[in-house]
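Before any comments, here is the structure.
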Amino acid sequence: MKYLLPVILIFCLACQNKKETIATEPIVKKDSVKVETMDPPKINETLAKDWLKKNIEAFFKSDNDYDKAMQTMTTKDYYDYKTDATNVDLDVDDALTQEEFDKKWKSKFDTKKAGIGTGFLISGQDWQDIKVTKSDVISQKNDTLIFDVNIRDVGFNENYPRIIKVKAQDGKFLIADVLEDE
468 MKYLLPVILI FCLACQNKKE TIATEPIVKK DSVKVETMDP PKINETLAKD WLKKNIEAFF
528 KSDNDYDKAM QTMTTKDYYD YKTDATNVDL DVDDALTQEE FDKKWKSKFD TKKAGIGTGF
588 LISGQDWQDI KVTKSDVISQ KNDTLIFDVN IRDVGFNENY PRIIKVKAQD GKFLIADVLE
648 DE
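Using the working numbering, the letters of the sequence shown correspond one by one to residues 468 to 649.
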């Protein structure tokens, strides 16, 4: 026990934080450093274009699970928006009036180009053979590409011109908006 007390005392003294001040000379700034800002990485347009064409055409070949297929290729906001647009003024649960729809979505989307009462991507209720015949990039901003797209139903000889916004999100592409003029 008599040896324990000196060991504890030495241990306590050794563990104390000693603050030492070191005199330093002030740093004199002689040259200013030029900081270059970098543009955000660009989306690979070719990959996005190929993804868009492949997914639009595959959507119309889905085995009747169009809702699930739509969810996998769109952002959550756009999916909810287009679902609301399709159901405006219908006699179904959660359907909105045109006024309610505009109020709910006008801050995020151009509600005049929502495709009210029509399905996803085309306004036709029936289709035969859907092909993407044009998908040209018209602008890019950060993680978003905007495409001028023509969706053609070869069987019914119908064209559906669309402006489609594709967003890179979580390592994949998603449709973030579809502007429909008809």
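All C-beta atoms in this analysis are idealised placements derived from N, C-alpha and C, irrespective of residue type, glycine included.
Counting along the chain, residue 568 sits inside the alpha helix (DSSP H) bounded by residues 565-572. DSSP, reduced to helix, strand and coil, places residue 542 outside both helices and strands of the structure shown, so it counts as coil.
In the DSSP assignment, residue 603 is bridged to 615. Counting along the chain, the unbroken beta strand (DSSP E) around residue 625 starts and ends at 625-636.
Linking residue 567 to residue 514 through their CA atoms gives a straight-line distance of about 37 Å.
In this structure, residue 533 and residue 642 do not form a Cβ contact; the two beta carbons are roughly 14 Å apart against a cut-off of 8 Å. 565 is the residue among 629, 549, 565, 519 whose C-alpha sits nearest the C-alpha of residue 556.
Taking a contact as a CB-CB distance under 8 Å, the pair residue 584 and residue 539 does not count as one, their CB atoms being some 24 Å apart. Going by DSSP, residue 523 is part of the alpha helix (DSSP H) stretching over 512-526.
Cβ contact annotation for residue 623 (same chain, cutoff 8 Å, sequence separation greater than five): 591, 593, 594, 595, in chain order.
When C-alpha distances from residue 576 are compared across 563, 549, 602, 599, the shortest belongs to 549.
Beyond the five residues adjoining it in sequence on each side, residue 511 comes within less than 6 Å, by CB distance, of no other residue in the same chain. Put simply, of 646, 621, 531, 603 the residue whose alpha carbon is nearest the alpha carbon of residue 518 is 603. With a contact defined as Cβ atoms closer than 8 Å, residue 632 and residue 644 qualify at about 4 Å.
In this structure, residue 626 sits near residue 619, with a CB-CB distance shorter than 7 Å. Straight-line measurement puts the Cα of residue 561 at about 28 Å from the Cα of residue 634. Residue 597 holds the alpha-carbon nearest to the alpha-carbon of residue 617 among 639, 597, 542, 579.
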